[in-house]
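Q: This is the structure I want to talk about, given as structure tokens.
Residue numbers (my numbering), protein chains in the order written: chain V, 211 to 553; chain U, 2 to 265.
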């Protein structure tokens with residue numbers, strides 16, 4: 211009757227794994243820095259070369275923290291969506307939140323050319339990108355919410371989310387047809403996703419929004435567990451479906467919207483991390499799953515980023531390609547092995 | 002009258018049920034007067050589409066009545082808040098549960114949700130109630146299995162255990178014996194009978210197993226096109242309630258054997 215005890219060791223295990231991945235991620239990069247010096251610069255001790263400390267504090271540390279925020283935030287938003295929509299294939303992308311963010315960015319980057327080139331150069335700063343992406347995702351979310359109040363059927367909402375995605379893709383392709391090559395390139399680069407472009411200031415904003423989203427997710431643990439029975443059973447257990455739905459949707463949009471704005475659309479993490487966590491923990495209880503997804507998502511994202519920066523070379527691969535290369539086979543493997551993805 | 006009211010778990014007064022369809026009123030049944038007592042097993046029978054589900058939905062506050070009043074535990078049903086109602090009424094629905102990945106233990110424990118704290122932690126009392134529900138429904142050997150591993154009959158027992166764990170004086174089950182073989186139909190109905198007697202809960206269930214229901218139920222509700230009959234199975238046979246249940250061109254109710262026979 212005390213399942214918590216057996217989970218404790220697993221939690222300690224993945225906690226240590228997270229720490230190891232964090233240190234490996236920071237100590238590897240295009241410039242070779244001995245890992246002992248990496249640790250020293252982290253704790254503020256003297257380092258052999260001052261440039262090493264600068265690389266670590268100004269570049270690698272914010273990137274690693276971004277990876278943790280992105281991994282945990284997207285993982286949790288995927289978990290919330292899968293339970294809310296009773297669909298193992300749900301994630302922030304299926305709902306259309308990420309498409310909304312893409313649309314906002316596309317309108318800004320590609321649509322700017324219609325408004326005149328002087329204006330567009332003036333407009334496109336990093337902040338306007340973030341605001342455009344957030345506005346886009348919030349817009350889609352409000353639309354989905356309005357529909358979800360009118361239509362009770364969660365499958366219908368899922369399809370509506372998919373349709374939003376299609377509309378976005380269509381508008382983006384029309385825009386990119388007319389856009390100048392330079393703007394198109396900028397949009398495509400944003401679409402690759404990047405963890406390395408955040409300053410400490412950006413990071414402060416992203417981490418506070420992510421924290422609020424995660425706290426809301428923790429507040430939703432009990433409704434999430436009740437929803438595992440289905441909405442009619444949940445209602446018979448005294449749960450207010452509407453309130454829980456709004457709570458879960460706000461948490462998801464905060465997490466997915468802010469992360470997409472800062473780091474670009476990063477695929478598969480939201481979908482794959484909850485499934486991998488369920489494989490490891492053999493439970494549907496969100497009391498266990500939620501912290502586990504946070505830890506596990508962080509680890510996955512750190513590993514993906516370590517691979518993407520191709521240690522000891524000058525390239526950096528697009529992070530979106532790496533998450534897809536790792537995430538898609540995982541989902542296929544799960545489907546083949548279990549036939550039905552259970553959640 | 003006074004003593005009746007004290008023990009009555011569910012009472013309806015001149016209840017009319019139905020729904021609005023494109024602004025026109027569709028009355029499914031009217032003048033329903035029920036009085037269900039503690040420890041009674043009540044079977045609800047009627048042809049397909051006659052409105053059994055509408056009645057159960059109205060009694061479980063999913064749907065509002067067109068007219069009349071419903072009292073649950075001496076309080077009017079519509080005045081209950083959702084969470085308060087959850088400690089008076091539990092349900093077993095025909096729909097499948099959303100996550101088949103839940104273990105039996107977890108599923109039964111979810112019945113305690115109305116009583117647990119914000120994160121859903123089980124107290125000592127909750128743990129005992131869950132244990133009792135598992136024992137009384139005899140599913141102890143299943144507790145570590147996942148729901149997708151269970152047969153239909155086992156899953157039905159587990160869902161009943163969840164309702165028992167919710168610890169309410171009144172339980173509504175919507176066709177708990179569909180998709181089961183004849184042995185398991187009898188098994189589930191005997192289980193309901195025993196639960197009503199041992200736990201003194203009032204159990205109302207809809208079913209198509211009319212002959213089993215006649216043998217086991219304390220009271221029965223018969224819904225047919227002419228109206229609505231409520232009473233002990235013996236009384237209902239005497240007033241020929243079962244004969245008017247279906248059109249008599251194909252099957253006839255035989256009062257002696259208490260079964261339906263095919264007309265030759």
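Glycine included, each C-beta is placed from N, C-alpha and C at the ideal position.
(1) Would you list, in sequence order, the uninterrupted beta strand (DSSP E) runs of no fewer than 3 residues that lie entirely inside the region 458-491 of chain V?
(2) In this structure, does DSSP put residue 520 of chain V in helix, strand or coil?
(3) According to the Cβ coordinates, are residue 166 of chain U and residue 216 of chain U closer than 9 angstroms?
(4) Taking only runs that begin and end inside the region 124-178 of chain U, name each unbroken alpha helix (DSSP H) of 4 or more residues, in chain order.
(5) Quick test of the definition: if touching needs 3 or more C-beta pairs under 8 angstroms, does the region 154-163 of chain U touch the region 89-109 of chain U?
(6) Would you call the region 101-111 of chain U in contact with the region 409-421 of chain V, where contact means no fewer than 3 C-beta pairs closer than 8 angstroms?
(7) Quick one: list the residues of chain U neighbouring residue 450 of chain V, beta-carbon separation under 8 angstroms, in chain order.
(8) Taking only beta-carbon positions, decide if residue 455 of chain V is within less than 9 angstroms of chain U.
(9) Quick one: Cα of residue 316 of chain V to Cα of residue 470 of chain V, how far?
(10) By the 10 Å Cβ neighbour count, where 16 or more other Cβ atoms means buried, how is residue 65 of chain U classified, buried or exposed?
(11) Assign residue 414 of chain V to one of three DSSP states: helix, strand, or coil.
(12) If we define contact as Cβ-Cβ less than 9 angstroms, is residue 260 of chain V a contact residue for chain U?
(13) Pick helix, strand or coil for residue 231 of chain U, following the three-state DSSP scheme.
(14) Taking the straight line between their C-alpha atoms, what separation do you get for residue 356 of chain V and residue 307 of chain V?
(15) What are the start and end residues of each continuous beta strand (DSSP E) run of 3 or more residues lying completely inside the region 48-92 of chain U, in chain order?
(16) Establish whether the CB of residue 87 of chain U and some CB of chain V are separated by less than 9 angstroms.
(17) Taking 9 angstroms as the CB-CB limit, is residue 293 of chain V close to chain U?
(18) Quick one: Cα of residue 27 of chain U to Cα of residue 244 of chain U, how far?
(19) Quick one: what's got a C-beta closer than 6 angstroms to residue 343 of chain V's C-beta in the same chain, skipping five residues either side?
(20) Please name the residues in the region 90-107 of chain U whose beta-carbon is closer than 7 angstroms to at least one beta-carbon of chain V, in chain order.
(21) In chain V, what lies closer than 7 angstroms to residue 120 of chain U by C-beta?
(22) Could you please give the first and the last residue of the uninterrupted beta strand (DSSP E) stretch that includes residue 14 of chain U?
(23) Taking Cβ to Cβ, would you say residue 481 of chain V is nearer than 9 angstroms to residue 506 of chain V?
(24) For residue 196 of chain V, return the contacting residues in chain U, with the cut-off set at a CB-CB distance below 7 angstroms.
(25) May I ask you to verify whether the region 139-149 of chain U touches the region 446-457 of chain V, counting CB pairs closer than 8 angstroms and requiring at least 3?
(26) Report the partner residues of residue 30 of chain U according to the DSSP bridge assignment.
(27) Indicate whether the contact test is met: 3 or more Cβ pairs, each with one atom in the region 400-411 of chain V and one in the region 431-447 of chain V, closer than 8 angstroms.
(28) Interface residues of chain U around residue 462 of chain V at Cβ under 7 angstroms?
(29) Can you round the beta-carbon distance between residue 465 of chain V and residue 284 of chain V to whole angstroms, since I take them to be within the 8 angstroms contact cut?
(30) Can you give me the start and stop residues for the beta strand (DSSP E) that residue 223 of chain U sits inside?
(31) Would residue 179 of chain U pass as an interface residue toward chain V - the criterion being a Cβ-Cβ separation below 9 angstroms?
(32) Please state whether DSSP places residue 260 of chain U in a helix, a strand or coil.
(33) Excluding the five sequence neighbours on either side, which residues of its own chain have a C-beta within less than 8 angstroms of the C-beta of residue 255 of chain U, listed in chain order?
(34) Given a threshold of 16 other Cβ atoms within 10 Å of its Cβ, counted over all protein chains shown, does residue 388 of chain V qualify as buried or as exposed?
(35) Residues of chain U with CB under 7 angstroms from residue 440 of chain V, in chain order?
(36) Suppose the cutoff is 6 angstroms on Cβ atoms and the five residues either side in sequence are ignored; what does the same chain contact list for residue 494 of chain V look like?
A: Working from what's here:
(1) none
(2) coil
(3) no
(4) 125-137 and 153-166
(5) yes
(6) Judged by Cβ distances under 8 angstroms, the region 101-111 of chain U makes no contact with the region 409-421 of chain V, as fewer than three pairs qualify.
(7) 83
(8) no
(9) 13 angstroms
(10) exposed
(11) Residue state for residue 414 of chain V is assigned as helix, using DSSP reduced to three classes.
(12) no
(13) strand
(14) 14 angstroms
(15) Counting only runs of 3 or more, we get 68-73.
(16) True, the Cβ-Cβ gap to chain V drops below 9 angstroms.
(17) Yes, contact with chain U.
(18) Cα-Cα distance, rounded: 26 angstroms.
(19) Hits under 6 angstroms: 311, 314, 315, 470 and 471.
(20) 91, 92, 94, 96, 98, 99, 100, 101, 102, 103 and 107
(21) Chain-order list of chain V residues neighbouring residue 120 of chain U: 431, 432 and 497, by C-beta distance under 7 angstroms.
(22) 9-22
(23) no
(24) This structure cannot speak to residue 196 of chain V, because chain V is shown only from 211 to 553.
(25) no
(26) U/18
(27) no
(28) Result: empty, since nearest Cβ-Cβ is about 18 angstroms, beyond 7 angstroms.
(29) By a beta-carbon distance limit of 8 angstroms, residue 465 of chain V contacts residue 284 of chain V. Their separation comes to about 7 angstroms.
(30) 220-225
(31) No, no contact with chain V.
(32) strand
(33) 261 and 262
(34) exposed
(35) 96, 98 and 99, listed in chain order.
(36) The beta carbon of residue 494 of chain V lies closer than 6 angstroms to those of 438 in the same chain, with the five residues before and after it left out.
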